[in-house]
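Notes for the one structure printed next.
Numbering (UniProt numbering), first residue to last: 1 to 230.
See below:
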């Protein structure tokens with residue numbers, strides 16, 4: 001069975017999804033909100049939470065509709081919660097969603113990696129991991145700054161740091177349950193990689209990262225991540 005997908009609101013998330021879909025064989029058409037709903041089986045609602053009720057009350061949904069929502073309230077009976085990351089615009093994104101829904105999952109699988117979980121509680125915990133982006137960029141910046149302090153050109157330093165991070169993440173891009181542990185254990189005892197890993201651990205970096213995830217988890221429980229309740 002084929003499904004049609006519509007988008008109400010084009011904020012950061014929906015805009016990224018639409019840009020990603022636009023490069024697929026059948027790009028989307030631009031319609032007004034009700035026309036989008038009427039023409040779609042699955043509707044992606046991406047308006048600000050404070051505007052959600054006003055926008056949704058003006059729309060007519062039926063029982064056939066499934067809604068992917070990042071705001072509330074949402075009237076149809078079938079609602080899918082999904083959090084895609086902006087690189088879906090380049091079909092290199094990641095998305096976590098609940099409940100499991102084959103058509104929505106199939107769409108996001110064309111835009112990158114999709115992870116389906118069975119409950120809102122699991123999803124709240126998964127969302128917290130997206131808050132590591134800033135920390136990753138700060139780590140890259142620290143590496144670039146170190147290279148510049150050693151006399152390396154800023155542009156060359158930035159390109160090299162970006163390339164190295166991209167390359168070393170290749171083996172962990174499609175992991176199984178034990179992939180990360182195995183990759184850590186692969187570091188040669190006494191080697192430079194193992195030395196940096198050991199020194200970072202001794203400095204408390206790993207524990208600090210784990211502890212830093214507790215606050216986003218609390219915010220997610222209150223609906224305060226990704227524009228919810230801000």
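The C-beta atom is built at its ideal place from N, Cα and C for all residues, glycine as well.
_Proximity below 8 Å, CB of residue 103 to CB of residue 93_ = For this step, residue 103 is matched to residue 103 along the chain shown. For this step, residue 93 is matched to residue 93 along the chain shown. No, the pair does not count as a contact, with Cβ atoms beyond the cut-off.
*What span of residues does the beta strand (DSSP E) with residue 113 cover, start to end?*
If you number the chain shown from 1, residue 113 lands on position 113. In the DSSP assignment, residue 113 falls within the unbroken beta strand (DSSP E) covering 112-116.
*Going by DSSP, name the residue or residues bridged to residue 97.*
Position 97 of the chain shown holds residue 97. Per the DSSP secondary-structure output, residue 97 pairs in a beta bridge with 82 and 116.
_Exposure of residue 42, with buried meaning 16 or more beta-carbon neighbours within 10 Å_ = Mapped onto the chain shown, residue 42 falls at position 42. By the Cβ neighbour-count rule, residue 42 is buried, with 16 or more other Cβ atoms within 10 Å of its own.
*asked:* Please state the DSSP three-state secondary structure of residue 61.
replied: Looking up residue 61 in the chain shown gives position 61. Residue state, collapsed to three classes: coil.
*Give a yes or no on whether the C-beta atoms belonging to residue 96 and residue 133 are separated by under 8 Å.*
Residue 96 sits at position 96 when you count from the first residue of the chain shown. Residue 133 sits at position 133 when you count from the first residue of the chain shown. In this structure, residue 96 lies away from residue 133, with their beta-carbon atoms at least 8 Å apart.
*Note down the Cα distance separating residue 17 from residue 81, rounded to an integer number of angstroms.*
Here residue 17 refers to the residue found at position 17 when the chain shown is read from its first residue. Here residue 81 refers to the residue found at position 81 when the chain shown is read from its first residue. CA-CA distance, residue 17 to residue 81, rounds to 15 Å.
*Buried or exposed by the 16-neighbour rule on C-beta atoms within 10 Å, applied to residue 12*: Stepping through the chain shown from its first residue, residue 12 is reached at position 12. Label assigned to residue 12: exposed.
*State the Cα-Cα distance for the pair residue 84 and residue 176, rounded to the nearest angstrom.*
Here the question's residue 84 lines up with position 84 in the chain shown. Here the question's residue 176 lines up with position 176 in the chain shown. Put simply, the backbone Cα of residue 84 is about 21 Å away from that of residue 176.
*asked:* Between the alpha carbons of residue 200 and residue 111, how many angstroms are there, rounded?
replied: As a working note, residue 200 is residue 200 in the chain shown. As a working note, residue 111 is residue 111 in the chain shown. The straight-line gap from Cα to Cα measures roughly 34 Å.
*asked:* For residue 20, tell me which candidate among 160, 91 and 161 has the shortest Cα-Cα distance.
replied: The residue given as residue 20 occupies position 20 in the chain shown. Ranking the options by Cα distance to residue 20, first place goes to 91.
*asked:* So, for residue 149: in the same chain, excluding its five sequence neighbours on each side, which residues have a beta-carbon less than 6 Å away from its beta-carbon?
replied: Along the chain shown, one-based indexing puts residue 149 at 149. Closer than 6 Å at the Cβ level, and outside the excluded window around residue 149, lies no residue.
*asked:* Please report the straight-line C-alpha distance between residue 101 and residue 120, rounded to a whole angstrom.
replied: Looking up residue 101 in the chain shown gives position 101. Looking up residue 120 in the chain shown gives position 120. Rounded to the nearest angstrom, the two C-alpha atoms are 14 Å apart.
_Here's the rule: buried if 16 or more other CB atoms are within 10 angstroms of the residue's CB, otherwise exposed. What is residue 229?_
The residue labelled residue 229 in the question sits at position 229 within the chain shown. Low per-residue confidence applies at residue 229: pLDDT is 34, beneath 50, and the placement is therefore not dependable, though the value from the model is reported in the following sentence. Flag for residue 229 reads exposed.
*asked:* Considering only their Cβ atoms, is the gap separating residue 161 from residue 143 smaller than 8 Å?
replied: Counted from its first residue, the chain shown places residue 143 at position 143. Counted from its first residue, the chain shown places residue 161 at position 161. Taking 8 Å as the Cβ cut-off, residue 143 and residue 161 qualify as a contacting pair.
*Thinking C-alpha only, which one of 173, 140, 131 and 152 is nearest residue 113?*
As a working mapping, residue 113 is identified with position 113 in the chain shown. The residue from 173, 140, 131 and 152 with its alpha-carbon nearest to that of residue 113 is 173.
_On the DSSP letters alone, give me the boundaries of the alpha helix (DSSP H) that residue 103 sits inside._
Locating residue 103 in the chain shown gives position 103, counting from the first residue. Here the alpha helix (DSSP H) through residue 103 covers 102-109.
*asked:* Taking the alpha-carbon of residue 214 as reference, which of 157, 127, 116 and 204 has the nearest alpha-carbon?
replied: Indexing the chain shown from 1 puts residue 214 at position 214. Comparing C-alpha distances from residue 214 to each of 157, 127, 116 and 204 shows the shortest one belongs to 127.
_Using only the alpha-carbon positions, how far apart do residue 108 and residue 59 sit?_
The residue you call residue 108 lines up with position 108 of the chain shown. The residue you call residue 59 lines up with position 59 of the chain shown. Cα to Cα, residue 108 sits roughly 25 Å from residue 59.
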